[in-house]
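Oh and the sequence shown: position 123 is 529 in this note's numbering, straight run, nothing missing. Glycine included, every Cβ here is placed at the ideal spot set by N, Cα and C. Computed from a predicted structure; not experimentally measured.
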Amino acid sequence: MIEQTSTEESVTRTLLKGLTLKELKDFFTAAGEKRFRGDQVFEWIYGHMAQSFDEMSTIPNYLRKKLNLYCELNTLTLVSTEISKRTGTKKYLFKTHDDLIVESVIIPEVKRTTLCISTQVGCPLDCQFCATGLMGYKRNLSSGEILDQFLMASVEYGKNKISNIVYMGMGEPLLNYTNTLKTLQIFAEQKTKDISLRRLTVSTAGIAPKIIELADSGLKVKLALSLHSMFDETRNKIMPINKKYSLAENLEAVRYYAKQTDTRITFEYVMLKDINDRTDDLNALIKLCKSLPCKINVIPFNSISHMAPTGLAHELQPSQKFRVDEFVKTLRDNDIVVMVRYTQGDDIAAACGQLAYKFEKNSKVDA
Ligand code: SF4
407 MIEQTSTEES VTRTLLKGLT LKELKDFFTA AGEKRFRGDQ VFEWIYGHMA
457 QSFDEMSTIP NYLRKKLNLY CELNTLTLVS TEISKRTGTK KYLFKTHDDL
507 IVESVIIPEV KRTTLCISTQ VGCPLDCQFC ATGLMGYKRN LSSGEILDQF
557 LMASVEYGKN KISNIVYMGM GEPLLNYTNT LKTLQIFAEQ KTKDISLRRL
607 TVSTAGIAPK IIELADSGLK VKLALSLHSM FDETRNKIMP INKKYSLAEN
657 LEAVRYYAKQ TDTRITFEYV MLKDINDRTD DLNALIKLCK SLPCKINVIP
707 FNSISHMAPT GLAHELQPSQ KFRVDEFVKT LRDNDIVVMV RYTQGDDIAA
757 ACGQLAYKFE KNSKVDA
C-alpha cells in the first residue's frame, strides 16, 4: 500500500521511503514517467541514503521539482542523540509526523556494530521486565518509519558502519507483521548496500502463527525468541502474551523456523531472581537447547522498579551475580553456546524503551 500524508497546505504527498522496488516502479509508471526512475530512486534512497530529492543527481531537474512538490522522502526527524562514555552505545530519539517518539540504539562491539530498531510506538504486550511495556501502546510504525531509523542513524553515525540490525527496540515486530515483512523484503532486494538478511534478527515475545508465516516467507532472517522461562506458569506472569500463545506452541513454531530457514534460533533469557534462575529452570533450558540448533543470550536484569510504582514490574529483582555466573557456566559445560549480554550504556538508559519513557515523562512534566 502506498502511504500518503497531508501537509499544512493540504497537498497530499506520497511517502516514497518504505516502498518496495516494484511499488516505486509502479508509482513512476502511474505518474507517466519512465519505469526505470523507480530503480534510480530506490538506489538513491537505500544505496546512497539520500536525505532529500535534491541529492538525486541522476534524476532530471523537472522531475526532482515534481517530487519536491508531490512526494515526501523522510518519515522521521532526528530529535537527539546520546552516547555512553563507558561503552560507546549511542541512543537516537526520532519524532514521527504525528509527534510520537521512536527510539533506536547503536551498540558497537569488537567485530560488529549493531543497530537496534523499533517497530511500534510503545508496545501492547506488557512484559513485566520491560520499560517499553510501561509506556502502553500508541501505534504501529510504517515500513518507512522502521527503515528510516536505519537510514538516518547510518547517515549520522557513518555510512556502512552498521553491520547488523536487530528488530528488538520498542514494540513486537510480529504484531506489525505486514510492515516488518516489507522492510525485510526491501533489505533483500536492495542492491547497493551490504546488510544481508543473515545480518538481520527479528526478535519476538512469541507470536507463534506469525513465526510460522515468517518461516514460510522465504526471507531467511535470524529469529530470536524472548524465552525467559521454560514454564508456562512463570511466563504467564512475566509475559502475559503467553496466555494466548503458549510456550509449547512457540517452541513448535521456532523448531519449524529453524528447519525451514536453516538458521540457529537465539533464545533471550533475562535473569530474574527466584523467578527463572532456579535449578529446575536451568535443567529445562539445557534440555531444550540440546534439542534444536540454538544459542542463548543471557541478560543480567536492570531493575525498572523506579518506573513502576507498584505490581510485579516493581518487585522484579536481578539474579545475583554468582547465580548468573553459575547459570552460564553450567550451560557452557553442556556445550551450549551462551553470550552474556549486559545492558549497554546504563548511563544513557539504554535498556529497551527507557530513554523514550524518560523523554515522555519529562515532556509531560514540562508541558
Ligand atoms: S519486551 Fe518487547 S514485547 Fe515485551 S513489552 Fe517490551 S517491547 Fe514489548
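Exposure label - threonine 723; buried when at least 16 CB within 10 Å
Residue numbering aside, residue 723 sits at position 317 when the sequence shown is read from its first letter. Rather than threonine, the amino acid found at residue 723 in this sequence is glutamine. The residue in question, glutamine 723, is exposed, as its Cβ has fewer than 16 Cβ neighbours within 10 Å.
Three-state secondary structure assigned by DSSP to glutamine 446:
Against the sequence shown, residue 446 aligns to sequence position 40. In the three-state reduction of the DSSP assignment, glutamine 446 falls in the helix class, which pools H, G and I.
In whole angstroms, what is the alpha-carbon distance linking threonine 598 and threonine 520?
For the purposes of this step, residue 598 is identified with residue 192 of the sequence shown, where counting begins at 1. For the purposes of this step, residue 520 is identified with residue 114 of the sequence shown, where counting begins at 1. Residue confidence for threonine 598 is low, a pLDDT of 42 falling below 50, so the modelled location carries little weight; the figure read from the coordinates is stated next. If you take the alpha carbons of threonine 598 and threonine 520, they lie about 19 angstroms apart.
Please find out if some non-hydrogen atom of ligand 1 comes closer than 8 angstroms to the beta-carbon of alanine 714.
Looking up residue 714 in the sequence shown gives position 308. No.
Does tyrosine 663 come out as helix, strand or coil in the three-state DSSP assignment?
As a working note, residue 663 is residue 257 in the sequence shown. Tyrosine 663 falls in the helix class under three-state DSSP.
When every heavy atom of ligand 1 is checked, does at least one fall within less than 8 angstroms of the C-beta of methionine 558?
For the purposes of this step, residue 558 is identified with residue 152 of the sequence shown, where counting begins at 1. When distances are taken from the beta-carbon of methionine 558 to the heavy atoms of ligand 1, even the shortest one reaches 8 angstroms or more.
CB of serine 709 within 9 angstroms of CB of aspartate 683, strictly:
Taking the first residue of the sequence shown as 1, we reach residue 709 at position 303. Taking the first residue of the sequence shown as 1, we reach residue 683 at position 277. The Cβ-Cβ distance between serine 709 and aspartate 683 does not fall below 9 angstroms.
Meets three-Cβ-pair contact criterion under 8 angstroms: the region 500-513 and the region 606-615
With contact defined as three or more Cβ pairs closer than 8 angstroms, the region 500-513 and the region 606-615 are not in contact.
For ligand 1, is there a heavy atom less than 8 angstroms away from the beta-carbon of isoleucine 647?
Working through the sequence shown from its first residue, we reach residue 647 at position 241. At least one heavy atom of ligand 1 falls within 8 angstroms of the beta-carbon of isoleucine 647.
On the criterion of 16 or more Cβ atoms from any shown chain inside 10 Å, does proline 615 qualify as buried, or is it exposed?
Stepping through the sequence shown from its first residue, residue 615 is reached at position 209. Per the 10 Å Cβ criterion, exposed.
Sort Trp450, Lys649, Asp554, Asn648 by Cα distance to threonine 525 and report the nearest one.
For this step, residue 525 is matched to residue 119 along the sequence shown. Ranking Trp450, Lys649, Asp554, Asn648 by Cα distance to threonine 525 puts Asp554 first.
Secondary structure at isoleucine 681, three-state DSSP: helix, strand or coil?
Within the sequence shown, residue 681 is the residue found at index 275, counting from 1. Of the three classes helix, strand and coil, the one that applies to isoleucine 681 here is coil, per DSSP.
With asparagine 642 as the anchor, note down where its beta strand (DSSP E) starts and where it stops.
Here residue 642 is taken as the residue at index 236 of the sequence shown, counted from 1. For asparagine 642, there is no enclosing beta strand (DSSP E); the residue is found in the alpha helix (DSSP H) stretching over 638-644.
Whose beta carbon lies closer than 5 angstroms to any heavy atom of ligand 1, going through the chain in order?
Working through the chain, the matches are Cys529, Leu531, Cys533, Cys536, Thr538, Gly539, Glu578, Ala611.
Quick one, are the C-beta atoms of valine 774 and asparagine 703 less than 9 angstroms apart?
Shown here, the chain extends from 407 to 773; a query on residue 774 therefore has no answer.
How many angstroms separate the CA atom of serine 486 from the CA atom of threonine 502?
As a working mapping, residue 486 is identified with position 80 in the sequence shown. As a working mapping, residue 502 is identified with position 96 in the sequence shown. Rounded to whole angstroms, serine 486 to threonine 502 spans 13 angstroms at the Cα level.
Cβ-based burial, phenylalanine 434 [other Cβ within 10 Å; buried from 16]:
For the purposes of this step, residue 434 is identified with residue 28 of the sequence shown, where counting begins at 1. That one is buried.
The beta strand (DSSP E) enclosing glutamine 596, as first and last residue numbers
Numbered from its first residue, the sequence shown carries residue 596 at position 190. Taken as a continuous stretch (DSSP letters only), glutamine 596 belongs to no beta strand (DSSP E), as it is neither H nor E.
Contacts around threonine 716, its chain only, beta-carbon distance under 7 angstroms, and the 5 residues preceding and following it disregarded:
On the sequence shown, residue 716 is found 310 positions in, with the first residue counted as 1. The answer is none, since no qualifying residue turns up.
Kindly give me the distance between the Cβ atoms of serine 560 and arginine 518, rounded to whole angstroms, as I take these residues to be in contact under 8 angstroms.
In the sequence shown, the residue the question calls residue 560 occupies position 154. In the sequence shown, the residue the question calls residue 518 occupies position 112. Actually they do not touch by this definition, with Cβ atoms about 14 angstroms apart.
Around the Cβ of aspartate 687, are there at least 16 other Cβ atoms within 10 angstroms (buried) or fewer (exposed)?
On the sequence shown, position 281 is the one that residue 687 refers to. Of the residues assessed, aspartate 687 falls on the buried side of the cut-off, its CB having 16 or more other CB atoms within 10 angstroms.
Touching by the beta-carbon criterion (3+ pairs, under 8 angstroms), the region 535-544 and the region 453-465:
Between the region 535-544 and the region 453-465 there are fewer than three inter-stretch CB-CB distances shorter than 8 angstroms, so the stretches are not counted as touching.
Through-space distance from glycine 494 to lysine 423, alpha-carbon basis:
Counted from its first residue, the sequence shown places residue 423 at position 17. Counted from its first residue, the sequence shown places residue 494 at position 88. Here the C-alpha atom of lysine 423 lies approximately 29 angstroms from the C-alpha atom of glycine 494.
Can you tell me whether DSSP reads phenylalanine 433 as helix, strand or coil?
For the purposes of this step, residue 433 is taken as residue 27 along the sequence shown, with counting starting at 1. Under the three-state reduction of DSSP output, phenylalanine 433 falls in the helix class.
On the DSSP letters alone, give me the boundaries of the alpha helix (DSSP H) that asparagine 474 sits inside.
Within the sequence shown, numbered from 1, the residue matching residue 474 stands at position 68. Start and end: 467-476.
So if DSSP puts valine 704 in a beta bridge, which residue, or which two residues, is it bridged to?
Position 298 of the sequence shown holds residue 704. Answer is Tyr675, Val746, bridged to valine 704.
Range of the contiguous beta strand (DSSP E) that encloses glycine 528:
For the purposes of this step, residue 528 is identified with residue 122 of the sequence shown, where counting begins at 1. DSSP places glycine 528 inside the beta strand (DSSP E), whose first and last residues are 526-528.
Local conformation of cysteine 695 per DSSP, three classes
Position 289 of the sequence shown, counted from the first residue, corresponds to residue 695. In the structure shown, the three-state DSSP call for cysteine 695 is helix.
What does DSSP give as the partner residues of proline 579 in its beta bridges?
Locating residue 579 in the sequence shown gives position 173, counting from the first residue. Residue pairing by DSSP places proline 579 in no beta bridge whatsoever.
On the DSSP letters alone, give me the boundaries of the beta strand (DSSP E) that phenylalanine 500 sits inside.
For this step, residue 500 is matched to residue 94 along the sequence shown. Element bounds for phenylalanine 500: 496-502.
Use the C-beta contact count for asparagine 648: other C-beta atoms within 10 angstroms, 16 or more gives buried, fewer gives exposed.
Stepping through the sequence shown from its first residue, residue 648 is reached at position 242. Within 10 angstroms of the beta-carbon of asparagine 648 lie 16 or more other beta-carbons, which makes it buried.
Top-ranked residue by Cα proximity to leucine 484, from Leu631, Lys497, Arg492, Leu473
The residue labelled residue 484 in the question sits at position 78 within the sequence shown. Comparing C-alpha distances from leucine 484 to each of Leu631, Lys497, Arg492, Leu473 shows the shortest one belongs to Lys497.
Can you tell me the Cα-Cα spacing of leucine 620 and glutamate 721, whole angstroms?
Start at 1 with the first residue of the sequence shown, and residue 620 comes out as number 214. Start at 1 with the first residue of the sequence shown, and residue 721 comes out as number 315. Each residue's alpha carbon lies about 35 angstroms from the other.
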